[in-house]
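Q: Using numbering that gives the first Met the number 0, the letters of the sequence shown map in sequence onto residues 0 to 118. Yeah, the Cβ is synthetic: ideal placement off N, Cα and C, and Gly gets one too. Keep in mind that this is a model prediction, so the values were computed, not measured. Please find one structure pasted underneath; my questions will follow.
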Amino acid sequence: MTDAGVNSPTRVVQGATDAVACFQAGMQEALGDVQELLENLRLVFKRLDLFGITLHARRCDLFNREVHWRGRIISGTGIRFDPTLVESLKNMEAPQNAGHSANYCASHVSVNGEGDEGK
Numbered sequence: 000m001t002d003a004g005v006n007s008p009t010r011v012v013q014g015a016t017d018a019v020a021c022f023q024a025g026m027q028e029a030l031g032d033v034q035e036l037l038e039n040l041r042l043v044f045k046r047l048d049l050f051g052i053t054l055h056a057r058r059c060d061l062f063n064r065e066v067h068w069r070g071r072i073i074s075g076t077g078i079r080f081d082p083t084l085v086e087s088l089k090n091m092e093a094p095q096n097a098g099h100s101a102n103y104c105a106s107h108v109s110v111n112g113e114g115d116e117g118k
């Protein structure tokens, strides 16, 4: 609230401690229950077919209980680090100088599209 009125952000505020809950609530509101989700998927597939767009079934993963994303495993029980990522970091050669460290940081940002600062 400000002197100019109430400010209601349309995006999740960066650094908010309840960002995950806010995102989940928004997704549930937007996507509805499982039946509504299935109906929406049917409509998407129908539109894709209408425009002649084909999907490769082997490349599509639907209804996963667990997904691997950016070095994390996300499931209904929560988010945890992917053990293969942790193991590769443990086995990684230590940088020998500041230049090696800078190269690692730059390649990490470019591969992931953003850094993991503060996470």
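Can you name the start and end residues of the beta strand (DSSP E) that Val66 belongs to?
A: Residues 65 to 68.
Q: I'd like the span of the alpha helix (DSSP H) that includes Val7, first residue to last.
A: The identity of residue 7 in the sequence shown is Ser, whereas the question assumes Val. Here Ser7 belongs to no alpha helix (DSSP H), and DSSP marks it neither H nor E.
Q: Quick one: give me the first and last residue of the beta strand (DSSP E) that Gly77 is part of.
A: From DSSP, the beta strand (DSSP E) with Gly77 extends over 77 to 80.
Q: Quick one: residues in its chain with C-beta nearer than 8 Å to the C-beta of Gly112, no 5 flanking neighbours on either side, listed in chain order?
A: Any reading at Gly112 must be qualified, since the residue scores a pLDDT of 49, below 50, and its modelled position is unreliable; the value itself is stated next. Excluding positions up to five away in sequence, the list is empty.
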